[in-house]
Each structure stands twice: as C-alpha cells, then as structure tokens.
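Engineer: Dropping a structure here in structure tokens format, bear with me for questions.
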Amino acid sequence: MSSPTTDHERRKQISVRGIAQVENVANVKKAFNRHVHYTLVKDRNVATPRDYFFALAYTVKDHLRVYYLSLEFYMGRSLTNTMVNLGIQNACDEALYQMGLDIEELEELEQDAGLGNGGLGRLAACFLDSMATLGMAAYGYGIRYEYGIFTQKIANGEQVGASVTPVSRAQ
C-alpha cells in the first residue's frame, strides 16, 4: 500500500469514511435496521426518535477500534486460559487422560511470557482480556524483546542485569 500523498488522502486514511462498511449507504441502513430490530428489539412502527438515536450510535460504535500501547504485557501462561475461553478444557483433559497423559503436567511445561514485571504489565493484560471478553475490537502494541524482562548474566558469582535487546524485524 502506498503512503498517502495529499492532505485529503491522509485524513481519509484515519477517518471513519475509510471504512468500507460505513462508506456504503446500503450497509449503513442494514446495520441501522439490524440494531433497531435485534439490539433494541423494536419495530419501526413503535420505535421512538430516542431508539433511532441509539441505533445510529450502535451503528457508529460497531466500527470503533481500541489501540492499547504499553511497554509491557504480563500475559502469564496462556494455554489453560485459552482452553477455558474456548470451552474445550474438559475435552482436552479427558482426551489426554485416555492417552495416558496428565494435562497438569503438560500445562506446567509452558513458559511464562516474561513481557513485564507485573504491575503495569499485568494491568495491560487485564485491559486486553476485558476488552476481548466484551467483544471490543482491541489491539495491544508493545516492543518485542528477545529475552523478556532482562538478560541474565552471572559475573563473579552474582547475577547482573544486562540491557534488553529488542528483536529486529529481520529475525
């Protein structure tokens, strides 16, 4: 994709008008009516101007995105959480049991994603988890480090924290 050259192109790139579903009048009408009927559970014969306001607000809200920038995301281990969120934990547990494997033993093999030291990193992870649970379109951005929190070095029998090197795009 080429970069925008004119001021108009730059504004269009960051505006709602750049979203194809909003650009098209038929799609706006379809989304608006969908919200009147299914979100507000109203018929056009009984809907009030206030209902129409909310239908329009929901139509616009459908296209909002959240971009969360944090220097750290302390996500922790994700395998168990993912199985629970997908509703497949019991099936996985039973399948592994039938194959003679212990799910808890396998879960303990997952390394903790060391992308923060807890405080703000844990908060960022909770925000992303909450937004996902609410069905919000959210993206988390950060810096990808090769060694997590720090590179462990031992000098004269003591641990020394070395600088963290971001992973280059070439790798």
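The opening residue of the sequence shown carries number 15 in our numbering; numbering runs sequentially from there.
C-beta: ideal position from N, C-alpha, C; glycine also.
Bear in mind the structure is a predicted one, so any value in this text is a computation, not a measurement.
Return helix, strand or coil for glycine 32, following the three-state DSSP convention.
Structural biologist: Residue placement at glycine 32 is poorly supported in this model, since its pLDDT is 48, which falls under 50; the coordinates still yield a value, given next. Note: glycine 32 maps to helix in three-state DSSP.
Engineer: Relative to the alpha-carbon of valine 80, which residue among Asn170, Thr94, Leu134, Leu148 has its alpha-carbon at the smallest distance?
Structural biologist: It is Leu148.
Engineer: Please classify phenylalanine 87 as buried or exposed, where buried requires at least 16 other C-beta atoms within 10 Å of its C-beta.
Structural biologist: buried
Engineer: Judging by CA-CA distance, which residue of Leu100, Ser84, His51, Ala71 is the nearest neighbour of cysteine 140?
Structural biologist: Ser84
Engineer: Using a Cβ-Cβ cutoff of less than 7 Å, which residues in the same chain neighbour isoleucine 28 once the five nearest sequence positions on both sides are dropped?
Structural biologist: With a pLDDT of only 47 at isoleucine 28, under the threshold of 50, the placement of this residue in the model should not be trusted; the figure read from the coordinates follows. Answer for isoleucine 28: no residue qualifies.
Engineer: Could you check what DSSP says for tyrosine 88 in three-state terms: helix, strand or coil?
Structural biologist: coil
Engineer: What is the DSSP secondary structure of lysine 56, counted as helix, strand or coil?
Structural biologist: Looking at lysine 56 - three-state DSSP - the assignment turns out to be coil, as it is neither helix nor strand.
Engineer: When the Cα atoms are used, what is the spatial distance from lysine 43 to glutamate 121?
Structural biologist: 48 Å
Engineer: Quick check: the Cα distance between isoleucine 102 and valine 55, rounded to an integer number of angstroms?
Structural biologist: 33 Å
Engineer: Would you kindly check if the distance between the Cβ of glutamate 124 and the Cβ of leucine 100 is under 8 Å?
Structural biologist: Not in contact: leucine 100 and glutamate 124 (Cβ atoms no closer than 8 Å).
Engineer: For the alpha helix (DSSP H) holding methionine 156, just list the boundary residues, first then last.
Structural biologist: What sits at residue 156 in the sequence shown is glycine, not methionine. Looking at the DSSP string, glycine 156 is not in any alpha helix (DSSP H), and its letter there is neither H nor E.
Engineer: Using a Cβ-Cβ cut-off of 6 Å (strictly less than) and excluding sequence neighbours within five positions of threonine 138, which residues of its own chain qualify?
Structural biologist: Correcting the residue identity first, residue 138 is alanine in this sequence and not threonine. Within the same chain, alanine 138 has close Cβ partners Ser84, Phe87.
Engineer: Taking buried to mean at least 16 other C-beta atoms within 10 Å of its own C-beta, is alanine 45 buried or exposed?
Structural biologist: buried
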